[in-house]
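Residue numbers (this note's numbering): 2 to 480. What follows is a single structure, written as structure tokens, with notes after it.
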Amino acid sequence: MKKLLFLFSLSALLSAKPYEPTQIDLQIISHTFNEEFDQAKKLSQKQINLNPNSPKYYYYLINTKILEYYQRVAELDPEKRDEGRKILNKEIIDYCESIIDKFDDDKLNTENKFYYGTIYAYLGRIYGIDGSWWSAFKSGLKSKNIMEDVLKSDPQFYDAYLVLGMLNYYADRLSGITSFVAGILGFSGDREKGLTQLHTAYEKGKLTFGQSALTLIEVYASLEGNEYASLNYFENFLNRFPKNKRTLNAYCQILMNIGDLKKVEIIIKNDKQALVDNYARARLSDLKGNSQLAIQCGEQALENENKLYRGGAAASRYIIVFNSWLTKDNSKVKKYETTLNDRYKELFAVIKNNEKESKWLHDLSVQIASDKSIADIESYVKSKPNFSKAKGFEDQFNLLLGAFYFEKSVFDKSEQCFKRSINAADDRDKYSAVKNLMEIYSRQNVDKSKVKTLLGVIDDLDNDRLKYRAKDLEKRYNL
């Protein structure tokens, strides 16, 4: 009898199929992450009508609504954004709560429990955006308990690790009252565990690739400022969902941040659907020294500035002003200079007051962007002017040259350049120097004393991105 029971159990295990999306699910997923929201919502609603007693397609519909939400909020006029966000928050919260009331998780099978639990997670996220922290953590706790039940029922339901990973990672980054509320409900947070769980969902999950990839992109590119670590997730996501304009443009910005202009040029060359926005095109043209195209694309970007990447409008105005100044188009300088924000006004004033030094530094950046050899750049550097009277120019020079050597894998010279700007007066320059040194020390084995010195600088900077990433250096060097 025991043998029969064993054989029956074994047969059941062998015949069990992993939870994978159906063809309809794949269509919805494709429409959702390619930002074809109307098609995704229409297909989801049709399946809801056919399967009203399952939370599955409510889950897909809510996922679409949330991604559309981020786009809609980003496109609101800045002065109307807070009010608009509140309205959209309420819309999604009300919908999620109405769906949650339809089901009893005790009566759901494992797969449907996963969908139901993820709806709770979505609800918690929007409550958090709304600033309703008690409700956010209560929803998160419910989601956590459901996902743990899912994994007890099926330890290979790897998609459940997405929610658990998000809860552990984000809870570890909380502070103040939000941390206090989270602690009351048992969310102590664990960055390392959270990252491991997120990677498990990303690598082994069958249902949540899009969400997992976007979460890891947010974690590395935004929350930890680790652009190099984010590249693989950007690329894999865009290979599967090439029409996701928001992610594509963020990827282009990351590539320009690290100086990989060749990839951006290839993307724009093959951009038949005009998905790359004009700010990215303006920035690339500026970096490459094509002033006329930079001005043209910058002005085109401002025609639809609400749809730009965050900060894109302010940067576009500066690109127009700076390149108009370079080409001596005084009428255009006059037209746009008054529209610059305070930071860019100060920067442009310094540039105008140090014309010779500014133009030399700009020429250096253009030569680096043109993929000149080490010998060519080092020859040009011999003509470097005296920057003693130009505020911050020496640090800008060191950062440019350090990035150049880094891209060429000449890490010893790169390190020397960045170390010279580690005490820059401008916090942005200091941040860039420290971040790049962290990248070098994570790739190379260096003396522990160097790492300790860098960690001390990070403590003084009081920058959350650097502090969280510093934990990886501490672990690597056993500090």
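We treat Cβ as the ideally placed atom computed from N, Cα and C, and that holds for glycine. Being a predicted model, the structure only gives us computed values, none of them experimental.
- Straight across, the Cα-Cα distance linking D343 with N479 is about 43 Å.
- In the three-state DSSP reduction, Q157 falls in the coil class, being neither helix nor strand.
- In this structure, Y381 sits near L365, with a CB-CB distance shorter than 8 Å.
- In the DSSP assignment, K476 falls within the unbroken alpha helix (DSSP H) covering 465 to 477.
- No residue range can be given for S422, since it is assigned to no alpha helix (DSSP H) and is classified by DSSP as neither H nor E.
- Here the C-alpha atom of N245 lies approximately 42 Å from the C-alpha atom of K449.
- In the structure shown, R311 falls within a coil segment according to DSSP collapsed to helix, strand and coil.
- Taking 4 residues as the shortest admissible run, the stretch 247 to 286 contains the following complete alpha helix (DSSP H) segments, listed from N- to C-terminal end: 262 to 270.
- Exposure of N110 is indicated by the presence of fewer than 16 other C-beta atoms within 10 angstroms of its C-beta.
- Our two residues, V367 and R284, have alpha carbons roughly 12 Å apart in a direct line.
- Following the DSSP letters along the chain, one finds T328 in no alpha helix (DSSP H), marked with neither H nor E.
- Between the alpha carbons of A376 and A404 lies a distance of about 16 Å.
- Inter-segment contact for the stretch 456 to 473 and the stretch 220 to 238 is present: three or more beta-carbon pairs are separated by less than 8 Å.
- Counting of Cβ neighbours within 10 angstroms places K66 among the buried residues, the total reaching 16 or more.
- In the three-state reduction of the DSSP assignment, A302 falls in the helix class.
- With contacts defined as CB atoms closer than 8 Å, F407 and N437 qualify as a contacting pair.
- Taking a C-beta distance under 8 Å as the contact criterion, Q48 and I25 qualify as a contact pair.
- Between L163 and T209 a beta carbon distance of about 5 Å is seen, short of the 8 Å cut, so the two are scored as contacting.
- Within the same chain, Cβ atoms closer than 8 Å to the Cβ of K289 are found at L262, V367, A370, S371, the five residues on either side in sequence being excluded.
- Shown here, Y162 sits in a helix according to DSSP, grouped into three states.
- Boundaries of the alpha helix (DSSP H) harbouring A41: 38 to 51, taken from the DSSP string.
- Pairing L327 with D278 gives a Cβ-Cβ distance that is not under 8 Å.
- Between the alpha carbons of E80 and R73 lies a distance of about 14 Å.
- By alpha-carbon distance to R311, the top candidate from Q254, E440, S374 is Q254.
- Excluding five sequence positions before and after Y319, the CB atoms of its chain that fall closer than 8 Å to its own CB belong to L341, Y345, L348, F349, given in chain order.
- With fewer than 16 other CB atoms across the displayed protein chains lying within 10 angstroms of its CB, W135 is exposed.
- Shortest Cα-Cα distance from K385 to any of N399, Y70, K373 involves N399.
- Minimum Cα-Cα distance from I100 among the listed residues Y123, P156, L89, I88 corresponds to Y123.
- Excluding sequence positions up to five before and after R247, its CB lies less than 6 Å from no other CB in the same chain.
- Considering only Q28, S433, L474, A434, the residue with the shortest C-alpha distance to K453 is L474.
- With fewer than 16 other beta carbons inside 10 angstroms of its own, D413 counts as exposed.
- Contact between L276 and K264 fails: their C-beta atoms lie close to 15 Å from each other, not under 8 Å.
- Within its own chain, the residues whose Cβ lies closer than 6 Å to the Cβ of K57, once the five positions on either side in sequence are excluded, are Y116, listed in chain order.
- Per the Cβ contact rule, the stretch 25 to 45 is in contact with the stretch 232 to 244 (3 or more Cβ pairs under 8 Å).
- E300 sits away from I268, with the two beta carbons spaced by 8 Å or more.
- Judged by their CB atoms, M167 and T216 are nearer to each other than the 8 Å cut-off.
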